[in-house]
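To keep things clear, I will list the structure first and then write my remarks on it.
Number of protein chains: 2
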Amino acid sequence: MEEILRRQIEKIVPLTDDEFQLVLSHFSVGKYKKHQYIVQQENPVPYVHFVVKGLLKSFYIDKSGKSHILQFAMEDWWITDNQGFYNNQNATLNIDCLEDAQTYYITLDNREKLCAELQKMEFFFLQKMTAGNIALQNRILSLMSKNSEERYTQFIQLYPDLIHRIPKTLIASYLGISRETLSRLSH
Amino acid sequence: MEEILRRQIEKIVPLTDDEFQLVLSHFSVGKYKKHQYIVQQENPVPYVHFVVKGLLKSFYIDKSGKSHILQFAMEDWWITDNQGFYNNQNATLNIDCLEDAQTYYITLDNREKLCAELQKMEFFFLQKMTAGNIALQNRILSLMSKNSEERYTQFIQLYPDLIHRIPKTLIASYLGISRETLSRLSH
DNA sequence: GCATTGATGTGATATAGGTCACAAATTTTC
DNA sequence: GAAAATTTGTGACCTATATCACATCAATGC
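Protein sequences, first through last, are from chains A and B. First residue of the first sequence? That's 1 in full-length UniProt numbering, and the numbers climb one at a time after it. First residue of the second sequence? That's 1 in full-length UniProt numbering, and the numbers climb one at a time after it.
Structure follows, in structure tokens:
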């Protein structure tokens with residue numbers, strides 16, 4: 001399992017064995033059951049999680065009670081409530097498990113210590129954050145310029161693996177359309 | 001003008017005079033006229049710009065020819081086509097000036113050099129990127145969970161300064177609604 | 001292995017917001 | 001400062017998507 005984390009980092013910065021051990025020593029391992037929450041609205045957000053097994057979703061519940069999925073996270077993805085985690089605020093999002101899951105998680109303090117001890121980790125996190133930004137901007141443009149069908153097609157292209165692991169209902173919620181509309185498309 | 005850049009950085013990391021001179025030496029100054037493009041679709045994206053004067057917008061033109069505003073940038077904001085800039089690709093966005101503008105701009109190479117020479121600048125960029133991420137995620141949730149009126153109200157709250165500098169037509173394009181609908185809202 | 005819960009499909013109907021068309025007001029340009 | 005360009009408002013009409021209501025089917029828990 002450690003290997004997944006190591007490969008993820010080494011896609012961006014090479015690491016010696018010792019360096020990777022140092023990295024690893026700043027993380028903890030978490031195991032979670034399907035339906036289990038790892039972040040809850042109104043509660044603190046102590047960790048970012050790197051998923052090594054399973055599938056999670058982060059979602060926002062609006063004032064009318066409707067839930068909107070911000071992100072899915074499967075193996076090799078990072079997930080947290082950014083606003084809560086980085087600004088030390090209570091969560092506005094929820095994160096729960098769609099499948100039994102295992103993560104390596106790290107606190108903000110530990111992340112900062114790690115970056116101080118191993119400069120290239122700061123570069124790594126900057127690269128990840130930058131890639132995240134680009135993806136988010138594309139998602140915004142997609143929401144603004146594409147209709148439901150186009151967004152669904154794009155989703156299939158971008159995340160072919162997810163299609164088979166996630167009920168359509170949730171994909172609809174991620175795409176910002178109703179499950180009925182998606183149902184009528186997908187045929 | 002330099003002072004604006006310095007204050008922007010010092011909101012996150014303190015700088016000595018020498019350090020700031022080092023920072024500054026990696027930037028160039030650009031002056032642009034209203035209507036001038038500083039990034040064009042299909043062209044390279046050599047710089048990120050820090051705006052010290054004026055107002056710009058970045059926008060995407062979809063396949064049907066409709067334009068969607070991704071971002072405005074006034075004094076103290078950063079702007080570029082991220083995908084083009086960080087991945088060394090051609091632009092998918094356009095950026096032009098809504099008012100005569102002045103920026104400090106930097107290449108990717110120079111940014112990397114600067115971070116290598118002055119570690120805290122990497123921390124600075126990471127912080128900015130993180131804040132950007134949070135803002136983008138909120139915008140996505142806003143697009144998914146709020147109707148036109150709520151999004152407009154939120155825009156006014158978030159960017160009260162911009163309301164008076166930007167025609168409603170463009171605000172509509174930023175909010176992902178038609179100008180007619182916005183006109184009927186604003187009352 | 002049955003019972004509960006969740007997922008999916010589909011009809012009928014409602015509606016927010018888009019589009020088109022025109023006129024008036026305002027701003028910009030030379 | 002007149003002409004051109006841009007912005008804004010508003011009516012009439014259209015459409016994509018939401019909502020509600022069932023029915024069926026599949027998955028999961030004990």
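Ideal Cβ positions, reconstructed from N, Cα and C, are used throughout, including at glycine.
By how many angstroms is the C-alpha of tyrosine 104/B removed from the C-alpha of phenylalanine 27/B? 6 Å
Closest by C-alpha distance to residue 188/A, when choosing among His68/B, Phe123/B, Pro44/B, Ala135/B: Residue 188/A is absent from the model: chain A starts at 1 and stops at 187.
One question on the structure: do isoleucine 166/A and leucine 98/A come within less than 8 Å of each other, judged by their Cβ atoms? yes
Beta-carbon neighbours of glutamate 117/B, restricted to chain A and to distances below 9 Å: Result: empty, since nearest Cβ-Cβ is about 13 Å, beyond 9 Å.
For phenylalanine 59/A, which three-state DSSP category applies? Strand at phenylalanine 59/A.
Please tell me whether isoleucine 4/B and aspartate 76/B are closer than 8 Å, where the distance is taken between their beta carbons. Contact flag set, yes.
Can you tell me which residues form a DSSP beta bridge with valine 39/B? Ile95/B
According to DSSP, which residues form a beta bridge with asparagine 53/B? Looking at the sequence itself, residue 53/B is lysine, so the reference to asparagine does not match. Bridge partners of lysine 53/B: Gln102/B.
Could I get the ranges of all uninterrupted alpha helix (DSSP H) runs contained in the region 118-179 of chain A, with 4 residues as the minimum, in chain order? 119-145, 148-158, 160-163, 168-175
My output table needs one value for leucine 108/B: the three-state DSSP class, helix, strand or coil. If DSSP states are grouped into helix, strand and coil, leucine 108/B belongs with the helices.
Taking 8 Å as the threshold (C-beta atoms), are threonine 80/B and valine 52/B in contact? no
For the beta strand (DSSP E) containing isoleucine 69/A, name the first residue and the last one. 67-73
What's the C-alpha gap between tyrosine 174/B and leucine 143/B? 11 Å
Between which two residues does the alpha helix (DSSP H) harbouring serine 25/B extend? 17-25
At a Cβ threshold of 8 Å, is glutamate 122/B touching chain A? yes
Candidates Gln41/B, Lys57/B, Pro14/B, Thr107/B: closest to lysine 34/B by CA position: Lys57/B
Mind checking whether threonine 130/A and methionine 74/B have CB atoms under 8 Å apart? no
Go to alanine 31/A, then tell me how far its beta strand (DSSP E) extends in each direction, as first and last residue. According to the sequence as given, residue 31/A is lysine; it is not alanine. It spans 28-32 - the beta strand (DSSP E) in which lysine 31/A sits, taken as one unbroken run.
Closest Cβ-Cβ distance between histidine 164/A and chain B: below 8 Å? no
Counting only beta-carbon atoms, is serine 183/B nearer than 8 Å to chain A? no
At which residues does the alpha helix (DSSP H) containing isoleucine 4/B begin and terminate? 2-10
By DSSP's criteria, tryptophan 78/A is part of a beta bridge. Which residues make up the other side? BP columns for tryptophan 78/A point to Phe50/A.
Should aspartate 96/B be flagged as near chain A, meaning a C-beta pair shorter than 8 Å? Aspartate 96/B has a beta carbon lying at 8 Å or more from every beta carbon in chain A.
Looking at chain B, is there any beta carbon in it that lies within less than 8 Å of the beta carbon of methionine 1/A? no
Output yes if chain B places a C-beta closer than 8 Å to the C-beta of serine 148/A; else output no. no
Do phenylalanine 85/B and valine 45/B have their beta-carbon atoms positioned less than 8 Å apart in this structure? Yes; because the gap between Cβ atoms is below 8 Å, this pair is in contact.
I need the DSSP call for serine 64/A, collapsed to helix, strand or coil. Of the three classes helix, strand and coil, the one that applies to serine 64/A here is coil, per DSSP.
Buried or exposed for methionine 1/B, going by 16 or more other Cβ atoms inside 10 Å? exposed
Helix or strand or just coil, what does DSSP make of asparagine 90/A? coil
Starting from the beta carbon of histidine 49/A, find every residue of chain B whose beta carbon is closer than 8 Å, and list them in chain order. The premise fails here: histidine 49/A is roughly 16 Å from chain B at the closest Cβ pair, so nothing lies under 8 Å.
Could you check whether leucine 108/B and leucine 141/A sit closer than 8 Å to each other, using their CB atoms as the reference points? Not closer than 8 Å, so no.
Kindly indicate if chain A contains any beta-carbon less than 8 Å away from that of tyrosine 32/B. no
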